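In my numbering, the protein residues as written are 2 to 341.
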């Protein structure tokens with residue numbers, strides 16, 4: 002049995018690619034042969050979507066796994082031999098006020114692929130419930146396979162810097178809520194490390210509120226792991242997420258994390274993070290101050306985080322997918338025998 006992993010075009014993003022690169026390596030370690038291919042075009046219009054669909058039609062494998070983003074590729078692949086993973090519903094939630102775009106995304110990225118693919122997975126129960134809400138009863142067949150953190154994120158004890166705590170913020174997209182975090186940090190002695198591109202507006206807010214910060218663009222996962230080790234607190238107060246990987250990466254690295262009291266972060270943290278209202282800058286500030294001042298509480302979160310991380314290893318995620326592959330492969334083989 003050979004699994005072909007289908008990745009979106011380079012330049013679209015890195016998080017999904019890094020996650021499934023690690024899953025693929027572990028699946029191979031568990032005895033399954035795999036290959037990987039990347040789509041040639043970024044999905045910037047119906048023309049490039051069609052070109053990617055034509056590309057997918059020429060692919061061959063025992064099973065195909067669409068790793069995210071290019072859900073419409075399922076329309077070109079053998080239905081019973083296709084596994085589709087959906088990470089979030091942002092394409093729908095972000096286009097609710099643009100009916101035409103919403104309709105295209107709803108049909109090509111969600112409804113038709115979910116109906117066609119032999120197996121459809123979501124990375125969290127939150128994403129699964131969003132799919133049911135937006136796409137309807139067809140999404141009841143979606144199974145949850147939680148993400149796992151990369152084993153490169155390992156525990157490294159650190160000495161907390163009380164005088165000027167080092168905060169790590171991963172991601173700068175609007176839903177990452179960086180503007181509200183910046184407002185919460187005004188006047189607080191700290192060093193904020195930001196990973197992700199900064200708009201002129203965000204730069205202006207950082208300077209206006211006199212936040213001391215460091216900024217990095219695209220980094221390797223090894224470099225990101227080093228930033229975790231150099232930090233005292235990880236901030237992840239997103240308005241919405243499909244999963245919330247930085248919570249687990251902070252847990253595994255032995256760093257205190259403050260995150261949003263909304264799904265899926267609330268369930269993912271499972272008592273291993275300080276939860277706050279992401280819409281309330283004062284609550285965010287109060288939470289960070291507690292992590293700085295209350296050493297016993299901070300250590301209790303770190304201890305709980307190390308335990309929580311063990312529930313989401315990449316090996317567990319890979320093993321779950323391996324079981325799905327085996328089940329679906331046996332089903333396709335049985336159907337082929339009946340057809341003969």
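We treat Cβ as the ideally placed atom computed from N, Cα and C, and that holds for glycine. As the structure is a prediction and not an experimental result, all values here were calculated from the model.
Local conformation of residue i per DSSP, three classes
i	result
residue 76	helix
residue 301	helix
residue 308	helix
residue 242	coil
residue 155	coil
residue 321	helix
residue 1	Given a span of 2 to 341 for the chain in the structure shown, any question on residue 1 remains unanswerable.
residue 59	coil
residue 45	coil
residue 116	helix
residue 210	coil
residue 134	helix
residue 53	helix
residue 336	helix
Continuous alpha helix (DSSP H) stretch holding residue i: start and end
i	result
residue 256	No alpha helix (DSSP H) holds residue 256; DSSP gives it neither H nor E.
residue 237	No alpha helix (DSSP H) holds residue 237; the beta strand (DSSP E) holding it covers 234-237.
residue 229	222-231
residue 266	266-270
residue 25	16-30
residue 109	Neither: residue 109 is in no alpha helix (DSSP H) and is coded neither H nor E.
residue 180	179-186
residue 162	Note, residue 162: premise wrong, no alpha helix (DSSP H); not H, not E.
For residue j and residue i, the rounded distance between their alpha carbons
i	j	result
residue 296	residue 161	9 Å
residue 279	residue 240	6 Å
residue 216	residue 194	6 Å
residue 191	residue 31	44 Å
residue 22	residue 222	12 Å
residue 61	residue 101	34 Å
residue 311	residue 47	42 Å
residue 56	residue 5	14 Å
residue 271	residue 309	7 Å
residue 288	residue 179	16 Å
residue 116	residue 165	52 Å
residue 128	residue 88	7 Å
residue 265	residue 20	18 Å
residue 93	residue 163	42 Å
residue 282	residue 261	12 Å
Identified DSSP bridge partners for residue i
i	result
residue 314	150
residue 289	Per DSSP, none; premise fails for residue 289.
residue 86	122
residue 261	277
residue 7	38, 67
residue 145	123
residue 103	Its beta-bridge partners do not exist; DSSP assigns none.
First and last residue of the uninterrupted beta strand (DSSP E) at residue i
i	result
residue 195	192-196
residue 167	167-171
residue 123	120-123
residue 216	214-217
Chain-order list of residues whose beta-carbon lies under 8 Å from that of residue i (same chain, five-residue window excluded)
i	result
residue 133	140, 141, 143
residue 255	156, 157, 158, 159, 303, 306, 307
residue 349	Past the boundaries of the shown model lies residue 349; the chain is included only from 2 to 341, so the question cannot be answered.
residue 136	107, 111, 112, 115
Cβ of residue i within 8 Å of any chain D Cβ
i	result
residue 135	Absent from the structure: chain D. Only one protein chain is present.
Cβ-based neighbour list, residue i, same chain, cut-off 6 Å, excluding 5 preceding and 5 following
i	result
residue 232	167, 169, 256
residue 153	222, 226
residue 294	none
residue 286	185
residue 81	119, 333
residue 131	90
Chain-order list of residues whose beta-carbon lies under 7 Å from that of residue i (same chain, five-residue window excluded)
i	result
residue 183	206, 207, 210, 212
residue 10	39, 40, 41, 42, 43
residue 58	77
residue 173	179, 195, 197, 198, 199, 203
residue 322	24, 28, 146
The ligand COA heavy atom lying under 7 Å from the CB of residue i
i	result
residue 29	Here there are no bound small molecules, and the ligand COA is not part of this structure.
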